Amino acid sequence: MVNPESGVMVGLDGAIQRITVNGDIWDRLMSRAIWSHGVRRYRGPPCDNTSQCLNDGVCIPHLNVPLCRCPLYYWGQKCEKRIAKEDLERPVAFDGNQKLSFSSKLTSDRKGERFFGGKEYTVEGQRESNIEVTFRTSHHKGLLLWTNKGATIRGDYLALAITKGYAQLSFNLGKQTEPLLITSLHRVDDSRWHTALIERNMRFGTLTMDDNPPISNTSEPGATELNTDGVYWIGGCPSLPTGLPDDYYHGFRGCIESVVLDGDPLHLVMHGTGDLSFCDAS
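When we follow UniProt numbering, the leftmost residue of the sequence shown carries the number 1, and every step to the right adds one.
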């Protein structure tokens with residue numbers, strides 16, 4: 001019940017698109033509510049008849065902008081493009097502005113669907129991480145991969161970036177007072193293909209570049225699990241918390257051939273959103 005002294009006498013006559021509390025998105029409000037009365041699902045702009053997504057895509061409102069979340073084998077602003085067979089394994093080009101988002105395996109399994117790109121579930125209690133990214137670039141800075149929970153770097157996150165020409169892994173399980181950084185020994189901004197292997201076992205993290213010896217570091221005690229919103233950003237992220245190294249705030253410029261999350265490949269073309277361009281594999 002609302003306190004009578006608050007002055008609030010009537011309920012909201014309108015629609016609520018999103019609620020964020022301490023950086024966490026509260027989604028599926030109707031299914032999570034313990035009680036409701038006179039509430040129904042909103043249908044109208046920006047997701048109305050003028051912004052229909054094609055090929056069974058789902059419209060996701062973002063303020064006044066409709067965004068289409070595409071099913072497998074389709075992409076484009078309205079899911080209007082079908083993926084060509086020859087494009088499935090081609091490296092994807094990133095120009096510093098291209099950013100792709102993917103739901104993790106845990107996220108898609110919980111929902112029971114194979115859509116990608118929406119922040120819908122929190123993935124909790126990951127004691128281990130195993131990520132492999134194959135890329136090439138001639139630029140000395142840019143964010144390759146990002147996943148997190150919360151609005152600050154005090155919350156959980158994991159990142160792979162190019163900084164000053166070197167590959168760098170950073171992660172926080174919620175107890176770091178300063179960013180934990182694991183940096184490669186050799187430069188990777190030489191326009192050659194490189195593979196970064198990230199392995200995390202609770203607090204112990206390792207970055208292995210190509211055939212070089214692994215480099216390791218250990219996070220602060222007090223937490224052993226990575227808790228995220230279940231979304232991985234590839235090539236950059238539109239909203240990063242402050243306090244990270246400066247080079248993380250630049251989008252990646254170069255080519256990404258493959259991303260493998262805990263043994264499952266992300267087919268960048270098949271699962272991505274937006275317009276894509278390609279690189280030569282050689």
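Just so you know, even glycine gets a beta-carbon here, dropped at the ideal spot from N, CA and C.
In this text, all values refer to a predicted model and were calculated from it rather than measured experimentally.
Item, Value
"Taking DSSP as the reference, what is the three-state secondary structure of residue 85?", "helix"
"Closest by CA to residue 182, which one among 205, 173 and 210?", "205"
"Do you know offhand how far residue 235's Cα is from residue 56's?", "26 Å"
"For residue 63, count neighbouring Cβ atoms within 10 angstroms of its own Cβ and tell me buried if that reaches 16, exposed if not.", "exposed"
"Kindly indicate which residue of 196, 276, 81 and 264 has the alpha-carbon position closest to the one of residue 301.", "The displayed coordinates of the chain run from 1 to 282. Any statement about residue 301 would go beyond what the structure contains."
"By the DSSP assignment, the beta strand (DSSP E) with residue 216 in it spans what residues?", "215 to 218"
"By the three-class DSSP mapping on this structure, what secondary structure does residue 42 have?", "coil"
"Do residue 138 and residue 95 count as a contact pair if the criterion is CB distance below 8 Å?", "no"
"Rounded to the nearest angstrom, how far is the Cβ of residue 17 from that of residue 45, given a contact under 8 Å?", "The Cβ separation is near 11 Å, so there is no contact."
"Got a sec, what are the start and stop residues for the alpha helix (DSSP H) residue 30 sits in?", "29 to 32"
"Quick one: any contact between the segment 79 to 88 and the segment 236 to 251, if contact means 3 or more CB pairs under 8 Å?", "no"
"Give the list of continuous beta strand (DSSP E) stretches no shorter than 3 residues that lie fully inside the segment 140 to 195.", "141 to 148, 157 to 163, 166 to 172 and 180 to 187"
"Any idea if residue 35 is buried or exposed, counting beta-carbon neighbours within 10 angstroms, 16 or more meaning buried?", "exposed"
"Which same chain residues, not among the five before or five after residue 268, have their C-beta less than 6 Å away from its C-beta?", "92"
"If we ignore side chains and look at the alpha-carbon of each, how far apart do residue 8 and residue 19 end up?", "20 Å"
"Anyone know if the C-beta pair for residue 21 and residue 101 falls short of 8 Å?", "no"
"So, helix, strand or coil for residue 20, using DSSP?", "strand"
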